[in-house]
Every structure is written in structure tokens, then in C-alpha cells.
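In my numbering, the protein residues as written are 50 to 143.
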């Protein structure tokens, strides 16, 4: 999953003319889960505010947030995946 962060950097809109091409790596539900993770406050107040804004935004504005901060959402998704792996691993060890 760490490749997601590297992919986000490599596909950053400043490096590519079509920024929407950078955001096709996650489904809308995965973006939502990422926003929920960001909203926890464990990733800083800015990430918390962006996560909250994504959750309450309409479809057009949520896409604008994803286009503006793709690396932030991918980082949130990375943490979602890490937590799933950790929780699954703990359950298997028991």
C-alpha cells in the first residue's frame, strides 16, 4: 500500500495536465473511508478539516477537494488499509 503515496506524488497535478487522471485509483466509497480516517484528527487539523468537508460536501465539491488534495486522500486510504491489516493480523494471531 505504500506505493499509493508514491503514486500520488508521481501523479501530482502539477506534474500532469489532466489532474482527474490522478484520482482514478480509488472508488468513491474508498475516498469516503479515507475522509473518515482523516476526520479522526490523528493526521493534523488541516487533514481533519478536509475530511470533514469531503463528508458534508455535495458530489461536485467533494470532487474538487479530491482534485486539490489527492495525496492527502491517498495518505488517508493508506492508513485505512494499515488499520485493516493490523486488525486482521491481530485476529489471526489470537
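Cβ coordinates follow ideal geometry from the N, Cα and C atoms, glycine included. Being a predicted model, the structure only gives us computed values, none of them experimental.
Remark: C-beta atoms of residue 114 and residue 102 approach each other more closely than 8 Å. In the DSSP assignment, residue 112 falls within the alpha helix (DSSP H) that extends over 108-117. When DSSP states are grouped into helix, strand and coil, residue 91 belongs to the coil group.
Out of 117, 111, 136 and 89, the CA that lies nearest to the CA of residue 77 is found in 111. Within 10 angstroms of the beta-carbon of residue 95 lie fewer than 16 other beta-carbons, which makes it exposed.
Nearest C-alpha to residue 105 among 117, 85 and 121: 85.
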